[in-house]
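Enquirer: For reference, the structure I am asking about is given below.
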Amino acid sequence: MKYRVIPVTPFQQNATLLWCDETREAAIVDPGGDLQKILSAAEAEGVNLTQILLTHGHIDHVGGTAELAESLKLPIQGPHQDDQFWIDGLDQQSRMFGFASVKRFSPSRWLQDGDQVQVGLETLDVLHCPGHTPGHVVFYHAASGLAQVGDVLFHGSIGRTDFPKGNHADLIHSIRHKLFPLGDEVRFIPGHGPMSSFGDERQHNPFVSDHRG
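In this note's numbering, the protein residues as written are 205 to 417.
Structure, rendered in structure tokens:
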């Protein structure tokens with residue numbers, strides 16, 4: 205599995221191009237906006253966009269979804285259905301976060317814990333990781349030890365839980381019992397900021413390190 209991180213929107217959200225090197229089929233994870241940057245990256249890598257994957261329903265992650273899906277006739281996979289209220293409320297989100305109004309959409313497939321998503325010949329495992337939002341999912345590629353974790357976990361920090369239906373205890377549980385057991389060597393792409401590994405966060409993250417007990 206190959207990848208390219210493409211920061212988009214004023215929030216510098218990490219849209220991620222994932223592709224199968226053999227088939228050149230690609231998915232874009234969280235196309236929050238700046239669609240021309242995403243399309244230019246796909247063209248530069250010589251890959252064919254075949255689907256959109258969503259970690260959760262916040263506008264900086266999904267803002268460009270409807271336009272991209274319509275223009276390229278792409279299916280939309282994710283997030284978990286518990287985030288439907290965020291997608292239904294995109295108009296309110298645009299006002300709340302200062303974004304231009306965007307089109308609503310309906311995912312082609314809501315994702316559940318234990319589901320799998322196929323990108324060419326590569327398989328992504330789906331982990332339901334609530335806390336930042338109730339329907340947040342993570343995409344994990346076991347063969348390369350790579351995870352796209354959205355806004356669950358960051359380098360040195362964790363996702364906010366003060367938005368509607370956020371839950372701090374759920375977030376900590378998701379990190380410690382869903383993500384960290386995947387292995388210290390697993391590298392992850394967060395929704396914002398630089399990459400890290402689960403091992404580094406277990407050692408140094410002030411919110412979820414092993415030293416916190």
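Here a beta-carbon is modelled for each residue, glycine too, at the ideal position from N, C-alpha and C. Source: prediction; values computed, not measured.
Along the chain, where does the beta strand (DSSP E) that runs through His-345 open and close?
Expert: Counting from one through the sequence shown, the residue named residue 345 turns up at place 141. From DSSP, the beta strand (DSSP E) with His-345 extends over 341-345.
Enquirer: To the nearest angstrom, how far is the alpha carbon of Arg-406 from that of Val-412?
Expert: Taking the sequence shown and counting its residues from 1, the one referred to as residue 406 is at position 202. Taking the sequence shown and counting its residues from 1, the one referred to as residue 412 is at position 208. Approximately 7 Å, taken between the alpha carbons.
Enquirer: So Ile-291 is in the beta strand (DSSP E); what residue range does that whole segment cover?
Expert: Numbered from 1 along the sequence shown, position 87 holds the residue referred to as residue 291. Taken as a continuous stretch (DSSP letters only), Ile-291 belongs to no beta strand (DSSP E), being part of the alpha helix (DSSP H) at 288-292.
Enquirer: Report back the beta-carbon spacing between Glu-271 and Leu-239 to the nearest angstrom; my notes put them in contact at under 8 Å.
Expert: Residue mapping note: residue 271 aligns to position 67 of the sequence shown, counting from 1. Residue mapping note: residue 239 aligns to position 35 of the sequence shown, counting from 1. Glu-271 to Leu-239, Cβ: 6 Å. Contact.
Enquirer: Comparing C-alpha positions only, which one of Leu-258, Ser-305, Val-209 and Asn-252 sits nearest to Lys-241?
Expert: In the sequence shown, residue 241 corresponds to position 37, counting from 1. Of Leu-258, Ser-305, Val-209 and Asn-252, the residue nearest in Cα terms is Val-209.
Enquirer: Quick check on Leu-357: buried or exposed, where buried means 16 or more other Cβ atoms within 10 Å of its Cβ?
Expert: The residue given as residue 357 occupies position 153 in the sequence shown. The residue in question, Leu-357, is buried, as its Cβ has 16 or more Cβ neighbours within 10 Å.
Enquirer: From Gly-349 to Ser-400, what distance separates their C-alpha atoms?
Expert: Taking the sequence shown and counting its residues from 1, one reaches residue 349 at position 145. Taking the sequence shown and counting its residues from 1, one reaches residue 400 at position 196. C-alpha of Gly-349 to C-alpha of Ser-400: approximately 12 Å in a straight line.
Enquirer: Leaving out five residues on either side along the sequence, give the residues of the same chain with a beta carbon under 6 Å from the beta carbon of Gln-352.
Expert: Taking the sequence shown and counting its residues from 1, one reaches residue 352 at position 148. Closer than 6 Å at the Cβ level, and outside the excluded window around Gln-352, lie Thr-220, Val-233, Phe-343 and Ile-393.
Enquirer: Would you be able to state if there are at least three C-beta pairs under 8 Å between the segment 362-379 and the segment 313-326?
Expert: no
Enquirer: What whole-angstrom Cβ distance do Gln-216 and Ala-231 have, given they're in contact under 8 Å?
Expert: The residue labelled residue 216 in the question sits at position 12 within the sequence shown. The residue labelled residue 231 in the question sits at position 27 within the sequence shown. In fact, because the Cβ distance is near 21 Å, the residues do not count as touching under 8 Å.
Enquirer: Three-state secondary structure (DSSP) at Ala-273?
Expert: Taking the first residue of the sequence shown as 1, we reach residue 273 at position 69. In the structure shown, Ala-273 sits in a helix (DSSP, three-state: H, G or I).
Enquirer: For Pro-398, I'd like the list of residues in its chain whose CB is within less than 8 Å of its CB, leaving aside the five on either flank, ordered along the chain.
Expert: To locate residue 398, count along the sequence shown from 1; it is residue 194. Only His-359 meet the Cβ criterion.
Enquirer: Do Thr-213 and Val-341 count as a contact pair if the criterion is CB distance below 8 Å?
Expert: Looking up residue 341 in the sequence shown gives position 137. Looking up residue 213 in the sequence shown gives position 9. Not closer than 8 Å, so no.
Enquirer: Checking the sheet assignment: what are the DSSP bridge partners for Thr-327?
Expert: Position 123 of the sequence shown holds residue 327. In DSSP, Thr-327 forms a bridge with Gln-322.
Enquirer: Where do the N-terminal and C-terminal ends of the beta strand (DSSP E) with Gln-217 fall, by residue?
Expert: Numbered from its first residue, the sequence shown carries residue 217 at position 13. Where Gln-217 is concerned, the enclosing beta strand (DSSP E) stretches over 217-223.
Enquirer: Can you grab the Cα-Cα spacing for the pair Leu-331 / Cys-224, in whole Å?
Expert: For this step, residue 331 is matched to residue 127 along the sequence shown. For this step, residue 224 is matched to residue 20 along the sequence shown. Using only the alpha carbons, I get a separation of about 20 Å.
Enquirer: When DSSP labels each residue in this structure, what does Asp-403 get in the three-state scheme?
Expert: The count along the sequence shown starts at 1 and reaches residue 403 at position 199. It should be noted that the sequence gives Gly, not Asp, for residue 403. The answer is helix: DSSP assigns Gly-403 an H, G or I state.
Enquirer: How about Ile-263 and Phe-301: do their beta carbons lie closer than 8 Å?
Expert: Within the sequence shown, residue 263 is the residue found at index 59, counting from 1. Within the sequence shown, residue 301 is the residue found at index 97, counting from 1. Yes, the pair counts as a contact, with Cβ atoms nearer than the cut-off.
Enquirer: Can you tell me whether Lys-277 is buried or exposed? The criterion is at least 16 other CB atoms within 10 Å of its CB, across all chains shown.
Expert: As a first step, residue 277 must be located in the sequence shown, where it is residue number 73. By the 10 Å Cβ count, Lys-277 comes out exposed.
Enquirer: What is the rounded straight-line gap between the Cα of Phe-303 and the Cα of Asp-366?
Expert: In the sequence shown, residue 303 corresponds to position 99, counting from 1. In the sequence shown, residue 366 corresponds to position 162, counting from 1. Phe-303 and Asp-366: Cα-Cα distance of roughly 19 Å.
Enquirer: With a cut-off of 8 Å on the beta carbons, I'd call Gln-281 and Ser-312 a contact; round off their distance for me.
Expert: On the sequence shown, position 77 is the one that residue 281 refers to. On the sequence shown, position 108 is the one that residue 312 refers to. Rounded, the Cβ-Cβ distance is 6 Å, consistent with contact.
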